[in-house]
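Below is one structure; the comments refer to it alone.
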């Protein structure tokens, strides 16, 4: 029996997508060395809609050749010129936003409503942000004494390897590509094998914007294309978003080459609702309810998914009744339908994994407050990967409270005191995101400071402006994305220590 | 004693195919975190370096099965079954090009079973034993 709220609109038309895409290397389309292509399956219906090149070490080496050749010039290209090109990329994305949003939806399964309003507009803004900050960026100089001056100048690291996840294929690629290019690096990008198409459509649009070799994209499987990139002695840095075991493996490879890495490895983010939230049934209360339901954004496939709701016991009933009601009202349906609020999970294995967590949650005695099962959609969606938005009630030691399910699943528990809320919030291996909702001015500052997470949203959630640094504490990784501080993850410091004295030291 | 990790026939078949293709012994490391997280990763034995902060849960169909020690604290009351499902995956796990993905199904141990679980070792200890 299906209990979902269903979308009623018809899906919009699918843009033209090529039957297959080659690698984008040195500004050209290059067929894979293997001669093989693999099916890209759309989560909408579980059916292939295009093919991607099956990259291997030879393709990665070609891309690195092209990137190294390009770096000689790109590294000394003026900030004004780099900025202009980044702005041009932003303009092209903006002009093609609707088409790219539709393809992103087909590739990933998320609702068009989200790709239109979040993924693509954020891509545009991120390119513009990094185009902007490099025009105002300055290195530093200090006069140590009247004859000695130290210049600390930032220089690009070189050619970098960037491994992109599948949950926001274009946006996560943008988060990595924009600052690297802004900093003067050249890059070899390996998109996720679940979502290799939308980025290639973007490459078609911007193929002529950048000098050949500055940006190269090689598709393929992790062990065949990702590994040769991560182990290469010709990359100056590897940036990775993914999970902990692969994160460790990439660090292991980086240790062999003595190169830096940055890691974004997920979380189990607490979303804390203090007692004052329910002081009035007003606009803020309504916003807080939406804040709790944010676990369903992007089908829960967000590293910062607010997958633990911590609510003060005195307001549990008042608050959760409304949260459940709002969750049940989430419209599921064809991701290309304009009124669909939640689409499909990105792949079959992801879908199976989420179902296995719904099972373990029930076994551990967590109470299902809503959802709890696969969603029985029809009209051609029977073979897609749809799961009901689910809320469990339980305690923080349960596995559904501790592991990243990466699906539309959140688990709620209560607390009595602020100290207890903080203790539960921090009782996790991870520390990427957190939310704090309160009307109390003191709590608004003190509680976020006590939470061990890199991003604490205060009276909001799931906002990702380019201007705010994003990254993890604890096992969620290290390094930051977004914000101008990101530039220094792609640069190193050249110190020129200059003496203006004509006098010898007198040692020899 | 009740094993901590079981395996399905389908997963055994996959391991056989991979062993044949790579010509080596294999190992598993249970991941955590986002994207492909919470899934077991399969590598050629020794490719992934384990140490004192990894727990060895036992051998499954001839392959060592590890998990990081802090993650094990939250998993130790459950019996894991290594299974395989069609899918793309997104990591360096070596079965991915076959269009399938290893996955874990879990079951709570009963109170009696919890009393009779085999001891765990650290990655460092098991490597020393195997030397």
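Residue numbers (this note's numbering), protein chains in the order written: chain A, 70 to 577; chain B, 95 to 225. Ideal Cβ positions, reconstructed from N, Cα and C, are used throughout, including at glycine.
Mind reading off the beta-carbon distance from residue i to residue j? Whole number of angstroms is fine, and I expect it under 8 Å.
{"i": "residue 102 (chain A)", "j": "residue 127 (chain A)", "result": "4 Å"}
{"i": "residue 197 (chain B)", "j": "residue 421 (chain A)", "result": "6 Å"}
{"i": "residue 175 (chain B)", "j": "residue 112 (chain B)", "result": "That pair is no contact at about 18 Å."}
{"i": "residue 140 (chain A)", "j": "residue 228 (chain A)", "result": "6 Å"}
{"i": "residue 111 (chain A)", "j": "residue 162 (chain A)", "result": "Contact doesn't hold; Cβ gap of about 22 Å is too wide."}
{"i": "residue 125 (chain A)", "j": "residue 230 (chain A)", "result": "So it is not a contact: roughly 15 Å between Cβ atoms."}
Starting from residue i, follow the alpha helix (DSSP H) in both directions and report where the run begins and ends.
{"i": "residue 488 (chain A)", "result": "487-495"}
{"i": "residue 205 (chain A)", "result": "189-205"}
{"i": "residue 203 (chain B)", "result": "No alpha helix (DSSP H) contains residue 203 (chain B), which DSSP labels as neither H nor E."}
{"i": "residue 120 (chain A)", "result": "From DSSP, residue 120 (chain A) is part of no alpha helix (DSSP H) but of the beta strand (DSSP E) over 116-122."}
{"i": "residue 112 (chain B)", "result": "103-116"}
{"i": "residue 300 (chain A)", "result": "296-300"}
{"i": "residue 516 (chain A)", "result": "510-519"}
{"i": "residue 155 (chain A)", "result": "148-164"}
{"i": "residue 169 (chain B)", "result": "163-169"}
{"i": "residue 410 (chain A)", "result": "Premise fails: residue 410 (chain A) is in no alpha helix (DSSP H) and is neither H nor E."}
{"i": "residue 130 (chain A)", "result": "126-143"}
Is it the case that the Cβ atoms of residue i and residue j are separated by a distance below 8 Å?
{"i": "residue 180 (chain A)", "j": "residue 409 (chain A)", "result": "yes"}
{"i": "residue 258 (chain A)", "j": "residue 236 (chain A)", "result": "no"}
{"i": "residue 163 (chain B)", "j": "residue 149 (chain B)", "result": "yes"}
{"i": "residue 264 (chain A)", "j": "residue 186 (chain B)", "result": "no"}
{"i": "residue 129 (chain A)", "j": "residue 298 (chain A)", "result": "yes"}
{"i": "residue 283 (chain A)", "j": "residue 98 (chain A)", "result": "no"}
{"i": "residue 433 (chain A)", "j": "residue 391 (chain A)", "result": "no"}
{"i": "residue 498 (chain A)", "j": "residue 466 (chain A)", "result": "no"}
{"i": "residue 366 (chain A)", "j": "residue 531 (chain A)", "result": "yes"}
{"i": "residue 108 (chain A)", "j": "residue 195 (chain B)", "result": "no"}
{"i": "residue 119 (chain A)", "j": "residue 406 (chain A)", "result": "no"}
{"i": "residue 274 (chain A)", "j": "residue 156 (chain A)", "result": "no"}
{"i": "residue 503 (chain A)", "j": "residue 260 (chain A)", "result": "no"}
{"i": "residue 151 (chain B)", "j": "residue 171 (chain B)", "result": "no"}
{"i": "residue 527 (chain A)", "j": "residue 378 (chain A)", "result": "no"}
{"i": "residue 218 (chain A)", "j": "residue 559 (chain A)", "result": "no"}
Hey, does residue i have any beta-carbon neighbour from chain B nearer than 8 Å?
{"i": "residue 468 (chain A)", "result": "yes"}
{"i": "residue 291 (chain A)", "result": "yes"}
{"i": "residue 418 (chain A)", "result": "yes"}
{"i": "residue 70 (chain A)", "result": "With a pLDDT of 39 at residue 70 (chain A), under the threshold of 50, the modelled position of that residue is not reliable, and the figure given next carries that caveat. Chain B, which has no Cβ nearer than 8 Å to the Cβ of residue 70 (chain A), makes this no."}
{"i": "residue 372 (chain A)", "result": "yes"}
{"i": "residue 302 (chain A)", "result": "no"}
{"i": "residue 113 (chain A)", "result": "no"}
{"i": "residue 315 (chain A)", "result": "yes"}
{"i": "residue 124 (chain A)", "result": "no"}
{"i": "residue 364 (chain A)", "result": "no"}
{"i": "residue 230 (chain A)", "result": "no"}
{"i": "residue 236 (chain A)", "result": "yes"}
{"i": "residue 205 (chain A)", "result": "no"}
{"i": "residue 474 (chain A)", "result": "yes"}
{"i": "residue 422 (chain A)", "result": "yes"}
{"i": "residue 334 (chain A)", "result": "yes"}
{"i": "residue 498 (chain A)", "result": "yes"}
{"i": "residue 425 (chain A)", "result": "yes"}
Cβ of residue i less than 8 Å from any chain A Cβ?
{"i": "residue 96 (chain B)", "result": "no"}
{"i": "residue 180 (chain B)", "result": "yes"}
{"i": "residue 107 (chain B)", "result": "no"}
{"i": "residue 200 (chain B)", "result": "yes"}
{"i": "residue 213 (chain B)", "result": "no"}
{"i": "residue 186 (chain B)", "result": "yes"}
{"i": "residue 190 (chain B)", "result": "yes"}
{"i": "residue 39 (chain B)", "result": "Here chain B covers residues 95 to 225 and nothing more, so residue 39 (chain B) does not appear."}
{"i": "residue 128 (chain B)", "result": "yes"}
The beta strand (DSSP E) that contains residue i, what's its start and end?
{"i": "residue 106 (chain A)", "result": "106-111"}
{"i": "residue 306 (chain A)", "result": "306-310"}
{"i": "residue 93 (chain A)", "result": "92-94"}
{"i": "residue 135 (chain B)", "result": "134-138"}
{"i": "residue 460 (chain A)", "result": "459-462"}
{"i": "residue 503 (chain A)", "result": "502-506"}
{"i": "residue 332 (chain A)", "result": "330-333"}
Does the region 149-158 of chain B come close enough to the region 532-539 of chain A that 3 or more CB-CB pairs lie under 8 Å?
Fewer than three beta-carbon pairs drawn from the region 532-539 of chain A and the region 149-158 of chain B are found closer than 8 Å, and the two stretches are therefore not classed as touching.
Report yes or no: do three or more beta-carbon pairs, one from the region 359-370 of chain A and one from the region 469-479 of chain A, lie closer than 8 Å?
These segments touch.
Three or more beta-carbon pairs under 8 Å between the region 347-366 of chain A and the region 389-408 of chain A, yes or no?
Segment contact: the region 347-366 of chain A against the region 389-408 of chain A, three or more CB-CB distances shorter than 8 Å; contact assigned.
Does the region 486-495 of chain A touch the region 320-331 of chain A, meaning 3 or more C-beta pairs lie closer than 8 Å?
Output reads no: the region 486-495 of chain A does not touch the region 320-331 of chain A.
Is it a yes or a no for the region 186-200 of chain A touching the region 237-249 of chain A, going by three-plus beta-carbon pairs under 8 Å?
By the C-beta criterion, the region 186-200 of chain A is judged to be in contact with the region 237-249 of chain A, since at least 3 inter-stretch pairs fall below 8 Å.
Between the region 203-211 of chain A and the region 302-311 of chain A, are three or more C-beta pairs nearer than 8 Å?
Contact fails: fewer than three Cβ-Cβ distances are below 8 Å.
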